[in-house]
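Residue numbers (my numbering), protein chains in the order written: chain A, 7 to 286; chain B, 35 to 234. Note that the Cβ used here is the ideal one computed from N, Cα and C, for glycine as well. Here the structure comes first, spelled out in structure tokens, and everything after it is commentary.
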Amino acid sequence: MNFGYLLVVSSHDNIDYLKMAYALALSIKNTQKPGFDKVALVIDDKQQLERIKSPWVFDHVIEWNQEAFWNGRSWMDKLTPWEATICLDVDMLFLRDYSHWVEYFLENCDVYLPGKVFTYREEIVTSDYYRRCFTKNDLPNLYSMYTFFKKDSALAKDFFALGRHIIKNPKEYSNLYFAQHKPKIVGTDEAFALSAKILDIYDDISYDLDFPKIAHMKGSVQNWPWPADKFTHHVGFYLNRQAGLKIGNYQQHHIVHYVEKDLITDEIINILEEIAWKLR
Amino acid sequence: MEAALKDFEEWLKTIPLQEIVYYAVFDSSTGQITGIYPNHSCPETDHKIHIDDDVALSVLEGKTNLNSYAVDISSGGLEIIETKSLTKIDDVLHRIIDQRWSENNDNDISLSADVTNKKLIITLSEKFYQSKKIRWNGSTEMLFLITDYNDPNALYDTISVTVDQLFKSKSLDFPVDFPKEFSVYTKRIFKNYIIKHESS
Chain A
7 MNFGYLLVVS SHDNIDYLKM AYALALSIKN TQKPGFDKVA LVIDDKQQLE RIKSPWVFDH
67 VIEWNQEAFW NGRSWMDKLT PWEATICLDV DMLFLRDYSH WVEYFLENCD VYLPGKVFTY
127 REEIVTSDYY RRCFTKNDLP NLYSMYTFFK KDSALAKDFF ALGRHIIKNP KEYSNLYFAQ
187 HKPKIVGTDE AFALSAKILD IYDDISYDLD FPKIAHMKGS VQNWPWPADK FTHHVGFYLN
247 RQAGLKIGNY QQHHIVHYVE KDLITDEIIN ILEEIAWKLR
Chain B
35 MEAALKDFEE WLKTIPLQEI VYYAVFDSST GQITGIYPNH SCPETDHKIH IDDDVALSVL
95 EGKTNLNSYA VDISSGGLEI IETKSLTKID DVLHRIIDQR WSENNDNDIS LSADVTNKKL
155 IITLSEKFYQ SKKIRWNGST EMLFLITDYN DPNALYDTIS VTVDQLFKSK SLDFPVDFPK
215 EFSVYTKRIF KNYIIKHESS
């Protein structure tokens, strides 16, 4: 069974999603062992790739512009070229080899989404600051930023088909299932969580594991005694020449979901590129 | 009815336009600015000073925080001085960006790391010698931390210089035994810093 990561990006006036996807793909190439380092990109305009130096980090490029953003990501099962896929949010970085996690999923799961994430100090995030909709409406606490699935599994087909239907019909589903707290937008997190709840498959797709471990860098879930719009207002983001990352004075070992869309500078890209070029 | 309106418009044209000048009203004991007003709506008070349009508009349009300014009373001259409240990590521990990665050409402080001759040259922008409206507390200490590349947790050297020292000399150089790769961090007293690496 072939395996690869899937990244879905759309053009945006103010946010460079391709740059983030490029940084993530470089970090995957730099850290994952062969067989676990394949990356496919879904992009609405293939010509955008001309502005990156090493487009070869994307093993497959699929031009697709039928939907954008989370609407687009909800089609991940249809778009992926891999038999087994992990679809990632693009605002993430890989920092070491996580292929043993993937080996477990390949052996044991048809679909898997993490049910917990961590602060940069490796504490489990317990705050529902950004997830009132989940707690108020008794939704399973799924994070779609890291979604494993096998393309041909019946479970994946049902799960994604319903997820797409929810995203396509947000008002109807909000009235029925989010009555206690309606989200501003029904994105993939809400849609996938509701899909799992309606199908009653939460225990099959998000049972408790020690992995994947993802530092989720939304400001107000870092267990700080103050509110924070951006984590970078309070702690530094320090990527060294070897692409080792410290946040504040905490060395990061797990996947980092940095969230802030302007964090990836040309200098960071250059660091990741130089490592990738040496490894190639 | 229409004719009457025309008359009004004609009459309005005869009214000379008053030039708008802006005043900052301040607390006489602390120098804290309490409001910025155009002349026609400025409260009657002795504690007001005329300020430049660009400063006033910047505050009124929300581009600059009112608290970023205060009146320097102790010097006897009433001028606008800029103060900053240091709240973000980048304000207290600002990584000085390498010229190679910067698109900004308007830098307040420029550093030049002469690795071969083991010295760090710190230069204040010429614009501070031309502006009369911005004054700094000269005893303000600027610290430059020589650290591991992009990691202020590993500190190699610290350089201290006051604004006065830099203002008098325009450019100062300090001996530094640079590590192979390094970054320079500082408290962000000025807005824009840049570093250039030089080696033969």
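- Ranked by Cα distance from SER150 of chain A, the first of A:SER80, A:LYS284, A:PHE64 is A:SER80.
- Under the Cβ distance rule, HIS239 of chain A counts among the residues neighbouring chain B, one pair being separated by less than 7 Å.
- For ALA104 of chain B, the closest alpha carbon among the candidates B:GLU53, B:ILE85, B:GLY96, B:ILE143 is that of B:ILE85.
- At a cut-off of 7 Å between beta carbons, TYR264 of chain A makes no contact with chain B.
- Taking a 10 Å sphere around the C-beta of MET7 of chain A, we find fewer than 16 other C-beta atoms and assign the residue as exposed.
- Within the region 130-141 of chain B, those residues whose Cβ lies closer than 9 Å to any Cβ of chain A are, in chain order, ILE131, ASP132, ARG134, TRP135.
- Rounded to whole angstroms, the separation of the alpha carbons of THR150 of chain B and GLU160 of chain B is 27 Å.
- Assignment of LYS224 of chain A by DSSP, reduced to helix, strand and coil, places it in the strand class.
- If you check the CB distance, LEU119 of chain A and SER33 of chain A do not come in under 7 Å.
- Residues of the region 60-85 of chain A with a C-beta atom less than 7 Å from some C-beta of chain B do not occur.
- Contacts with chain B at 7 Å (Cβ-Cβ) include GLU273 of chain A.
- When the beta-carbon positions are compared, TYR56 of chain B and PRO72 of chain B come within less than 7 Å of each other.
- For a Cβ distance threshold of 9 Å, residue set LYS236, THR238, HIS239, HIS240 of chain A lies close to LYS122 of chain B, ordered along the chain.
- CA-CA distance, SER17 of chain A to TYR135 of chain A, rounds to 29 Å.
- The beta carbon of PHE124 of chain A sits closer than 8 Å to those of ILE130, VAL131, LYS219, ILE220, ALA221, HIS222, HIS260, all from its chain and outside the five residues before and after it, given in chain order.
- Within chain B, the residues whose beta carbon sits less than 8 Å from that of ASN246 of chain A are ASP182, TYR183, ASN184, ASP185, listed in sequence order.
- Using a Cβ distance threshold of 7 Å, PHE166 of chain A and ASP95 of chain A do not count as a contacting pair.
- Between GLU215 of chain B and THR196 of chain B, the gap from beta carbon to beta carbon reaches 7 Å or more.
- The beta-carbon distance between LEU158 of chain B and LEU145 of chain B, rounded to whole angstroms, is 11 Å. This is too long to meet the 8 Å contact definition.
- Here TYR179 of chain A has ILE172 as same chain residues with Cβ atoms under 6 Å from its own Cβ, once five neighbours each way along the sequence are excluded.
- The alpha-carbon separation between VAL265 of chain A and PHE237 of chain A amounts to approximately 9 Å.
- By the neighbour-count criterion, in which 16 or more other beta carbons inside 10 Å mark a residue as buried, ASN36 of chain A falls on the buried side.
- If one requires a minimum length of 4 residues, the alpha helix (DSSP H) runs lying completely within the region 18-49 of chain A are 23-37, in chain order.
- ASP43 of chain A counts as buried, since at least 16 other C-beta atoms from the protein chains shown sit within 10 angstroms of its C-beta.
- The three-state reading of DSSP puts PRO231 of chain A in coil, since its state is none of H, G, I, E or B.
- Taking ARG138 of chain A as the centre and dropping the five residues before and after it, the same chain places the C-beta of HIS187 closer than 7 Å to its C-beta, in chain order.
- Taking a Cβ-Cβ cut-off of 8 Å, the neighbours of LEU127 of chain B in chain A comprise GLY242, given in sequence order.
- Around the C-beta of LYS156 of chain A, 16 or more other C-beta atoms lie within 10 Å, and the residue is accordingly described as buried.
- Legend: CB atoms of the region 198-224 of chain B lying less than 8 Å from CB atoms of chain A belong to residues GLU215.
- If you keep only unbroken beta strand (DSSP E) runs of at least 3 residues inside the region 68-145 of chain A, you get 90-94.
- Distance check between THR91 of chain A and each of A:ASN175, A:LYS39, A:GLU56, A:ALA46 places A:ALA46 closest, using alpha-carbon atoms only.
- Minimum Cα-Cα distance from LEU12 of chain A among the listed residues A:PRO176, A:VAL63, A:SER226, A:GLY169 corresponds to A:VAL63.
- Under the Cβ distance rule, ASN36 of chain A does not count among the residues neighbouring chain B, no pair being separated by less than 7 Å.
- Cβ neighbours of HIS240 of chain A within its own chain (closer than 7 Å, five residues either side excluded): TRP230, ALA234.
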